[in-house]
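Residue numbering for the sequence shown follows the working numbering, beginning at 16 and increasing consecutively. All C-beta atoms, glycine included, are put in the ideal place defined by N, C-alpha and C.
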Amino acid sequence: MDLDFSPEDLKFQAEVRRFLAEAYPAHLREKSERGEAFSKEDILGWQKVLAAKGWAAPSWPVQYGGTSWTPTQKYIWSEEQARADVLSIPPFGLNMLAPVLYTFGSEEQRERFLPDILAGNVWWCQGYSEPGSGSDLASLKTRAERITGDDGKEYYLVNGQKTWTTMAQFADWGFFLVRTDPTAKPQAGISFLLIDMKSPGVTVRPIITLEGGHEVNDVFLDNVKVPVENRVYEENKGWTCAKALLQHERSGIAGVAVSKRQLEKLRGMAATEASDVGGALIDDAFFRRKLAELEIDLTALEFTELRTLAGESSGEGPGPESSILKIKGTEIQQRLTELTLEAAGHYGAPHLLGLPHNAAAIGPVEARGAAGEYFNTRKTSIYGGSNEIQRNIIAKMVLGL
Ligand SMILES: Cc1cc2nc3c(=O)[nH]c(=O)nc-3n(C[C@H](O)[C@H](O)[C@H](O)COP(=O)(O)OP(=O)(O)OC[C@H]3O[C@@H](n4cnc5c(N)ncnc54)[C@H](O)[C@@H]3O)c2cc1C
Numbered sequence: 016m017d018l019d020f021s022p023e024d025l026k027f028q029a030e031v032r033r034f035l036a037e038a039y040p041a042h043l044r045e046k047s048e049r050g051e052a053f054s055k056e057d058i059l060g061w062q063k064v065l066a067a068k069g070w071a072a073p074s075w076p077v078q079y080g081g082t083s084w085t086p087t088q089k090y091i092w093s094e095e096q097a098r099a100d101v102l103s104i105p106p107f108g109l110n111m112l113a114p115v116l117y118t119f120g121s122e123e124q125r126e127r128f129l130p131d132i133l134a135g136n137v138w139w140c141q142g143y144s145e146p147g148s149g150s151d152l153a154s155l156k157t158r159a160e161r162i163t164g165d166d167g168k169e170y171y172l173v174n175g176q177k178t179w180t181t182m183a184q185f186a187d188w189g190f191f192l193v194r195t196d197p198t199a200k201p202q203a204g205i206s207f208l209l210i211d212m213k214s215p216g217v218t219v220r221p222i223i224t225l226e227g228g229h230e231v232n233d234v235f236l237d238n239v240k241v242p243v244e245n246r247v248y249e250e251n252k253g254w255t256c257a258k259a260l261l262q263h264e265r266s267g268i269a270g271v272a273v274s275k276r277q278l279e280k281l282r283g284m285a286a287t288e289a290s291d292v293g294g295a296l297i298d299d300a301f302f303r304r305k306l307a308e309l310e311i312d313l314t315a316l317e318f319t320e321l322r323t324l325a326g327e328s329s330g331e332g333p334g335p336e337s338s339i340l341k342i343k344g345t346e347i348q349q350r351l352t353e354l355t356l357e358a359a360g361h362y363g364a365p366h367l368l369g370l371p372h373n374a375a376a377i378g379p380v381e382a383r384g385a386a387g388e389y390f391n392t393r394k395t396s397i398y399g400g401s402n403e404i405q406r407n408i409i410a411k412m413v414l415g416l
C-alpha cells in the first residue's frame, strides 16, 4: 500500500525500525527460527522492554500510559513489528481488558490494575465461553451469588465452568462473565468479574488441540470467593462491558501487518527452485493467481483497517466494522496457511508425522511449522465470535436487516 508518509512519519518509521533492531532479544529471534513456542517469561519480558520505552499500549489514552500516536504512526508501528518478526503480545490484558477498565471501571480499579497490565507484570485470561454457551454467549450459566464472608465483607460465590480459555495455564488473573440474576432476561443478569486465578476453587485443565499444542483450557470454578469490589461496572450490567471488549478483540484478530509479512515469506518460498521437481512453484500460473487474489483481498482489508484506526483516534470505539475486519482477516490468514502448506510441499510433512519441528530443517525455514500453523489457524474463524455470528452482526448493524 502506498501511503504518503510525511517527513515526521518517515523519521518515526526509522526510529521504530532502529529500536526493534536493537531492543528485540536475540534469544527470542533464535527461538522463532527453531520453531519453538515462547514461554510466559519470554512474552512478558518483551512487554517489559516495550513498557520501559513507553510503547506497550499505543492505543490507550495518554493519561493511563498510552501514546498520542496518529493513525499513521500506529500503522507504521504494526507494520514494523511484523517486518521485524517480533513476537505478538497476547491481547487479553493490554487490548481487551484495559479498554473496559478505562471506560467502565472505577478509579480504584484503574489505579489497581492498569499499571500492572501495562508493565507486563500480570497475565490475564478471558473467561467468557462455557460448554453450550459460545455463540449464544448470553445463555451462560456460571453462577455468582452475593454472600457475606466470615470477615463481614461482601463477596460473590462463583460456581461453574468456562471452556476454551486461552493460555489460562499462565494466567495470574482472569476476567469472567457470570450470572448474577438468573430471573432476568439473559443479557440483563450478567456481571463482569475480575478473578485471581490463585483463588481456592479455581482449577485449570488443558485441552490439547489438533496440532498437538496446549493453548486452550477448561477452567472450573468451585465455590470461588470473589470480593465484590472486583466487579467492573454495575451488577447485572456486565453485558455492556462484554460487548465493548468483544469489539476490541475482533478488531485485533484481523492481523493485517502479520499477514502481509507472511505473504512476503510465502512468495519467497514459492520462488525458490525445487531441485527435485525442477522449477519454482511461482512459475505455476494457477498458484500465482491464488497468490494475487490473496494480495488483492489483503490490500482491501488494509484500507478498512486504516479507516477503523482513524475512527478510533477520533475517540470512537471500534464499531460493527470490527466484524468485517474479523471475517476478512481470518479468511485471509487461513488461505495464507493453505498456500504456505502447498508451497512447503513434502517439507511440511515431518510435522504431520509427529516429528519435532527441527526434523524438517532440510527445507525452507517457513516450511517447518507450516502444517502446525495450517491446523492451528482453523481456530481464527471460530474464536472472538465465529464468522457466521459476525455475518449476523453485519446484517443487523450495517445492513439493517
Ligand atoms: C482456539 C480457541 C481459543 C478460544 N479462546 C477463548 C478464550 O480465551 N476465552 C473464551 O471465553 N472463549 C474462547 N474461545 C471460544 C470461542 O469464542 C467459541 O468457540 C466461539 O464463540 C464459538 O462458540 P462454540 O465453540 O460454543 O460453538 P457454537 O456456538 O456451538 O457454534 C457451532 C457452529 O454453529 C454456528 N452457529 C451458532 N449459532 C449460529 C447462528 N445463530 N447463526 C449462524 N451460525 C451459528 C457457529 O458459527 C459454529 O460454526 C476460543 C475458541 C477457540 C477455538
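ask   = Under 8 angstroms, do Gly142 and Phe185 count as touching if we go by C-beta distance?
value = Translated into positions along the sequence shown, residue 142 becomes position 127. Translated into positions along the sequence shown, residue 185 becomes position 170. For Gly142 and Phe185, no; Cβs fall outside 8 angstroms.
request  = Please classify Gln78: is it buried, with 16 or more other beta-carbons within 10 angstroms of its beta-carbon, or exposed?
outcome  = Translated into positions along the sequence shown, residue 78 becomes position 63. Exposed, since its Cβ has fewer than 16 Cβ neighbours within 10 Å.
inquiry  = Quick check: does the Cβ of Tyr143 come within less than 7 angstroms of any heavy atom belonging to ligand 1?
reply    = Residue mapping note: residue 143 aligns to position 128 of the sequence shown, counting from 1. Yes, the beta carbon of Tyr143 sits closer than 7 angstroms to at least one heavy atom of ligand 1.
request  = Look up Ala375 in the DSSP assignment and say whether it is helix, strand or coil.
outcome  = Stepping through the sequence shown from its first residue, residue 375 is reached at position 360. Residue placement at Ala375 is poorly supported in this model, since its pLDDT is 47, which falls under 50; the coordinates are not used for a value here.
message = Under DSSP, the alpha helix (DSSP H) around Trp92 begins and ends at which residues?
response = Sequence index remark: in the sequence shown, residue 92 carries index 77 (1-based). That run of the alpha helix (DSSP H) goes Pro86 to Arg98.
request  = Using the Cα positions of Arg33 and Ile132, report the straight-line distance between them to the nearest angstrom.
outcome  = To locate residue 33, count along the sequence shown from 1; it is residue 18. To locate residue 132, count along the sequence shown from 1; it is residue 117. Roughly 26 angstroms between the two C-alpha positions.
task = Take every Cβ of the segment 89 to 108, pair it with every Cβ of the segment 263 to 279, and state whether three or more of those distances are shorter than 8 angstroms.
result = yes
ask   = Just how far apart, CA to CA, sit Asn402 and Ala300?
value = One-based indexing of the sequence shown puts residue 402 at position 387. One-based indexing of the sequence shown puts residue 300 at position 285. So the two alpha carbons sit approximately 31 angstroms from each other.
ask   = Can at least three beta-carbon pairs, one atom from the segment 318 to 327 and one from the segment 242 to 257, be found at a separation below 8 angstroms?
value = no
request  = Could you tell me which of Asn174, Ala41 and Ile58 sits nearest to Met182, measuring between CA atoms?
outcome  = Within the sequence shown, the letter at position 167 stands for residue 182. The shortest Cα separation from Met182 among Asn174, Ala41 and Ile58 belongs to Ile58.
key: Under the three-state DSSP convention, the category Tyr170 falls into   = On the sequence shown, residue 170 is found 155 positions in, with the first residue counted as 1. Strand at Tyr170.
task = Output the distance between the C-alpha atoms of Ile268 and Glu346, rounded to the nearest integer angstrom.
result = The count along the sequence shown starts at 1 and reaches residue 268 at position 253. The count along the sequence shown starts at 1 and reaches residue 346 at position 331. The alpha-carbon atoms of Ile268 and Glu346 are separated by roughly 11 angstroms.
request  = Can you grab the Cα-Cα spacing for the pair Thr314 / Gly283, in whole Å?
outcome  = Taking the first residue of the sequence shown as position 1, residue 314 is located at position 299. Taking the first residue of the sequence shown as position 1, residue 283 is located at position 268. About 19 angstroms.
contact_flag[the segment 61 to 79, the segment 112 to 132] where n(CB pairs < 8 angstroms) is 3 or more = yes
Thr352 versus Lys343, Lys341, Asn174 and Arg393, residue with shortest Cα-Cα distance = For the purposes of this step, residue 352 is taken as the residue at position 337 of the sequence shown. Measuring from the Cα of Thr352, the nearest candidate turns out to be Arg393.
query = Under a Cβ-count criterion, where at least 16 other Cβ atoms within 10 Å of its own Cβ denotes burial, should Val271 be classed as buried or exposed?
reply = Here residue 271 refers to the residue found at position 256 when the sequence shown is read from its first residue. Buried is the call here.
ask   = Given Glu95, which residues of its chain have a CB within under 8 angstroms of its CB, disregarding the five upstream and five downstream residues?
value = Against the sequence shown, residue 95 aligns to sequence position 80. Around Glu95: Gln28, Val31, Arg32 and Leu35.
task = Return yes when the C-beta of Cys256 is under 7 angstroms from any heavy atom of ligand 1, and no when it is not.
result = Looking up residue 256 in the sequence shown gives position 241. No, since every heavy atom of ligand 1 falls outside the 7 angstroms radius drawn around the Cβ of Cys256.
key: Cut-off 7 angstroms between Cβ atoms - residues of its own chain near Thr178, not counting five sequence neighbours on either side   = On the sequence shown, residue 178 is found 163 positions in, with the first residue counted as 1. Result list for Thr178: Ser144, Glu145, Pro146 and Asp233, in chain order.
request  = On a CA-only basis, which of Ile223, Val101 and Pro86 is nearest Gln62? Give me that one, please.
outcome  = Taking the sequence shown and counting its residues from 1, one reaches residue 62 at position 47. Ranking the options by Cα distance to Gln62, first place goes to Val101.
query = Can you tell which of Ile311, Arg406 and Pro242 has the C-alpha that lies nearest to the C-alpha of Pro335?
reply = Within the sequence shown, the letter at position 320 stands for residue 335. When only C-alpha atoms are compared, the closest one is Arg406.
message = Which residue wins for smallest C-alpha separation from Leu340, given the options Gly400, Val380 and Thr87?
response = As a first step, residue 340 is located in the sequence shown; it is residue number 325 there, counting from the start. The residue with the shortest Cα to Cα distance from Leu340 is Gly400.
key: Whole-angstrom distance between Thr163 and Glu126, CA atom to CA atom   = The sequence position of residue 126 within the sequence shown is 111, counting from 1. The sequence position of residue 163 within the sequence shown is 148, counting from 1. Using only the alpha carbons, I get a separation of about 26 angstroms.
request  = Would you mind working out which of Ala38, Val243, Ile408 and Tyr117 sits nearest Cys256, comparing C-alpha positions?
outcome  = As a position in the sequence shown, residue 256 is number 241, starting the count at 1. Cα-wise, what sits closest to Cys256 is Tyr117.
ask   = Out of Glu244, Asp187, Pro215 and Glu357, which has the shortest C-alpha to C-alpha gap to Leu208?
value = Position 193 of the sequence shown, counted from the start, is the residue given in the question as residue 208. Looking at the Cα atoms, Glu244 is the closest of the given residues.
request  = Alpha carbon to alpha carbon, how far is Ser150 from Ile404? Give it in angstroms, no decimals.
outcome  = Here the question's residue 404 lines up with position 389 in the sequence shown. Here the question's residue 150 lines up with position 135 in the sequence shown. Looking at the two C-alpha atoms, the distance is approximately 7 angstroms.
Cα-Cα separation, Ala38 to Ser83 = For the purposes of this step, residue 38 is taken as residue 23 along the sequence shown, with counting starting at 1. For the purposes of this step, residue 83 is taken as residue 68 along the sequence shown, with counting starting at 1. Spanning the two alpha carbons is a distance of roughly 22 angstroms.
Beta-carbon gap between Ala386 and Gly363 smaller than 8 angstroms = The count along the sequence shown starts at 1 and reaches residue 386 at position 371. The count along the sequence shown starts at 1 and reaches residue 363 at position 348. Against a cut-off of 8 angstroms, the Cβ pair of Gly363 and Ala386 comes out as a contact.
ask   = Beta carbon of Lys240, beta carbon of Leu172: below 8 angstroms?
value = In the sequence shown, residue 240 corresponds to position 225, counting from 1. In the sequence shown, residue 172 corresponds to position 157, counting from 1. Yes.
message = Pop quiz: Ala307 and Ile297 are said to be a contact at Cβ under 8 angstroms. What is the actual Cβ separation, rounded to whole angstroms?
response = Residue 307 sits at position 292 when you count from the first residue of the sequence shown. Residue 297 sits at position 282 when you count from the first residue of the sequence shown. Between Ile297 and Ala307 the Cβ distance is about 11 angstroms, and since that is not below 8 angstroms, they are no contact.
inquiry  = Just to confirm the assignment, what range does the beta strand (DSSP E) spanning Asp211 have?
reply    = Residue 211 sits at position 196 when you count from the first residue of the sequence shown. Where Asp211 is concerned, the enclosing beta strand (DSSP E) stretches over Ile205 to Asp211.
query = Which residues does DSSP pair with Ser21 in a beta bridge?
reply = Along the sequence shown, one-based indexing puts residue 21 at 6. None, per the DSSP bridge assignment.
task = Give the DSSP bridge partners of Ser148, in chain order.
result = One-based indexing of the sequence shown puts residue 148 at position 133. Glu145.
Distance, Glu388 Cα to Ile222 Cα = Taking the sequence shown and counting its residues from 1, one reaches residue 222 at position 207. Taking the sequence shown and counting its residues from 1, one reaches residue 388 at position 373. When rounded, the distance between both Cα atoms is 17 angstroms.
key: C-alpha gap between Ile91 and Gly175, whole angstroms   = Within the sequence shown, numbered from 1, the residue matching residue 91 stands at position 76. Within the sequence shown, numbered from 1, the residue matching residue 175 stands at position 160. Taking the straight line from one Cα to the other gives about 43 angstroms.
key: Endpoints, beta strand (DSSP E) assigned at Arg192   = For the purposes of this step, residue 192 is taken as residue 177 along the sequence shown, with counting starting at 1. Note on residue identity: the sequence assigns Leu, not Arg, to residue 192. Residues Trp188 to Arg194.
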